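J.: The structure follows.
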Amino acid sequence: MQKLAIFGGTFDPVHWGHLLIAKMALTQLHLEQIIWIPSKNPPHKQAALFEHRVAMLDIATKNNPAFTVSLIERECSGTSYSINTLIDLSAFYPNTHWYWIIGLDAFQTLPRWYRGYELAQMCDWLIAPRQVGGETIAQTESICNQVEKKFREKSHTINWQLLHTPLVRVSSSIIRELCRQGCSIDDLVPKSVGLYIATHNLYTHNSE
Ligand code: ATP
1 MQKLAIFGGT FDPVHWGHLL IAKMALTQLH LEQIIWIPSK NPPHKQAALF
51 EHRVAMLDIA TKNNPAFTVS LIERECSGTS YSINTLIDLS AFYPNTHWYW
101 IIGLDAFQTL PRWYRGYELA QMCDWLIAPR QVGGETIAQT ESICNQVEKK
151 FREKSHTINW QLLHTPLVRV SSSIIRELCR QGCSIDDLVP KSVGLYIATH
201 NLYTHNSE
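Take 1 as the starting number for the sequence shown in full-length UniProt numbering and just add one per residue.
Given below as structure tokens:
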């Protein structure tokens, strides 16, 4: 059975935090592929054009043969739900053990996702520590245990493990804010992504 991971997100834009987590997951779990899935219409966010987000992901991932960017959500006309994406991918990649890469902040919200309890059991969850409030990496595990408890209380199981990544304090929102203020984002995104953002004048008041 092959081992594949999904890495879903808005990627608005993709940044070094995403890339570091993905690389660590590849090595730690000996994964064959990571399938990056930019969400077309994220239920909870307003995002830049899908085409721009995909273009930046393509640029950022093109040098790693184990990274694939999936456009599976492109045809989705309404809200895109993760469970539907995983069901569709499972039909496309049979004989697969699925993992889902996710930051701690997003993992905490999993019980509230559309059919989150079902989705939780369809793959193993790889959690990247992330600053949520003031907690340290040591507290990450106890937060994950609390999430697991919510699933067990409803008689559902969930398999998760922590990725051995340091806390990386970069976020797409910080990058967008820095762009709005006209500040440098050089250390937060790959050079080629920074160039794309500048060329297309993204995240400024006059954005496309
Ligand atoms: P925004 O700031 O707009 O909310 P984001 O930086 O969280 O964006 P997303 O594309 O929404 O980026 O994130 C995709 C996934 O990557 C989510 O599971 C998120 O928790 C995780 N993630 C993003 N940045 C980090 C980071 N620095 N450390 C750990 N996980 C992260």
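The beta carbon of each residue, even a glycine, is placed where N, CA and C say it ideally should be. Source: prediction; values computed, not measured.
#1: Are the beta-carbon atoms belonging to residue 125 and residue 84 less than 9 Å from one another?
#2: Looking at the structure shown, is residue 78 part of a helix, part of a strand, or coil, going by DSSP?
#3: Which whole-angstrom value is the C-beta distance of residue 101 and residue 48, which I expect to be below 8 Å?
#4: Give the residues whose C-beta lies closer than 6 Å to at least one heavy atom of ligand 1, in chain order.
#5: Should residue 73 be labelled buried (16 or more other beta-carbon atoms within 10 Å of its own) or exposed?
#6: State the CB to CB distance for the pair residue 39 and residue 80, rounded to an integer number of angstroms; the pair is presumed to be in contact (CB under 8 Å).
#7: Using only CA atoms, which one of 199, 7 and 167 lies nearest to residue 131?
#8: Using 8 Å as the cut-off, can you tell me whether the stretch 184-194 makes contact with the stretch 6-16, which would need three or more C-beta pairs spanning the two stretches below that distance?
#9: Once the 5 residues before and after residue 110 are set aside, which same chain residues still bring their CB inside 7 Å of it?
#10: Measuring only the C-alpha atoms, how far is residue 61 from residue 37?
#11: Leaving out five residues on either side along the sequence, give the residues of the same chain with a beta carbon under 7 Å from the beta carbon of residue 95.
#12: At the level of alpha carbons, what is the spacing between residue 10 and residue 171?
T.: Quick answer:
#1: On the sequence shown, position 125 is the one that residue 125 refers to. On the sequence shown, position 84 is the one that residue 84 refers to. It is not a contact, given that the beta carbons lie outside the stated cut-off.
#2: Here the question's residue 78 lines up with position 78 in the sequence shown. In this structure, residue 78 counts as coil in the three-state DSSP scheme.
#3: Residue numbering aside, residue 101 sits at position 101 when the sequence shown is read from its first letter. Residue numbering aside, residue 48 sits at position 48 when the sequence shown is read from its first letter. At roughly 22 Å, the Cβ-Cβ gap does not stay under 8 Å, so residue 101 and residue 48 are not in contact.
#4: 9, 10, 11, 12, 17, 18, 21, 102, 103, 105, 106, 128, 130, 168, 170, 171, 172 and 173
#5: Walking along the sequence shown from the start, residue 73 turns up at place 73. So residue 73 counts as buried.
#6: Reading the sequence shown from its first residue, position 39 is the one you call residue 39. Reading the sequence shown from its first residue, position 80 is the one you call residue 80. Residue 39 to residue 80, Cβ: 5 Å. Contact.
#7: Stepping through the sequence shown from its first residue, residue 131 is reached at position 131. Answer by Cα proximity: 167.
#8: yes
#9: Here residue 110 is taken as the residue at index 110 of the sequence shown, counted from 1. Around residue 110: 116, 120 and 147.
#10: Taking the first residue of the sequence shown as position 1, residue 61 is located at position 61. Taking the first residue of the sequence shown as position 1, residue 37 is located at position 37. Rounded to whole angstroms, residue 61 to residue 37 spans 12 Å at the Cα level.
#11: Looking up residue 95 in the sequence shown gives position 95. For residue 95, where only same-chain residues beyond five positions count, the Cβ hits under 7 Å are 1 and 2.
#12: Here residue 10 corresponds to residue number 10 of the sequence shown, with the count starting at 1. Here residue 171 corresponds to residue number 171 of the sequence shown, with the count starting at 1. Their Cα atoms are separated by approximately 11 Å.
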